[in-house]
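Peer 1: Before we start, here is the structure in question, set down as structure tokens.
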Amino acid sequence: MEVFNCPNCNSLFVMTKFRDVCDACYKEEEAQYDKVYAYIRKKINRTASMMQVVKGTGVEETLIIKFVRTGKLAQFPNLGIPCEKCGVNIKSGRLCSKCGNSLRSDLQAFENEEKRLTEIQGNDKKNTYYMNGEL
């Protein structure tokens, strides 16, 4: 059992798999979630953008993003999480498909270069001649 300081109020609490804040802050977050959910459930607000929800409820954008990221508000089409690289709205994960593909491509190029350098170093060792146990 590990004890942490709550990132919101700095009080001590036992972090669990499901909660990253203390009990009091969790209850406050749930109250904020209820406010956002009630706003979004209204027919005229179902397609509201993130900024419209923030203005309409007074709930901070970071908290709404947390609700979307945890899946609590994933079903609403205009609420998304910003891609951590380019900022475009996504429904889940940390990167949009374009940035994810770019990252995979960069990693593959890096791996290919590492492999090429390893092969060059291996070839250098093959072409080294030894005479009487010395170079």
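Residues 7 to 141 (the numbering used here) make up the sequence shown, in order. Yeah, the Cβ is synthetic: ideal placement off N, Cα and C, and Gly gets one too. Every value quoted in this text rests on a predicted model; they were computed, and no experiment measured them.
Measure the beta-carbon distance from L79 to I50 and round it to whole angstroms, keeping in mind my assumption that it falls under 8 Å.
Peer 2: Actually they do not touch by this definition, with Cβ atoms about 17 Å apart.
Peer 1: Please give the ranges of any alpha helix (DSSP H) in the stretch 50–82, keeping only runs that are unbroken, at least 4 residues long and fully inside the region.
Peer 2: 56–63, 67–75
Peer 1: Please classify V27: is it buried, with 16 or more other beta-carbons within 10 angstroms of its beta-carbon, or exposed?
Peer 2: buried
Peer 1: Within a Cβ cutoff of 7 Å, which residues of the same chain sit near F73, ignoring the five residues on either side of it in sequence?
Peer 2: Y39, V42, L79
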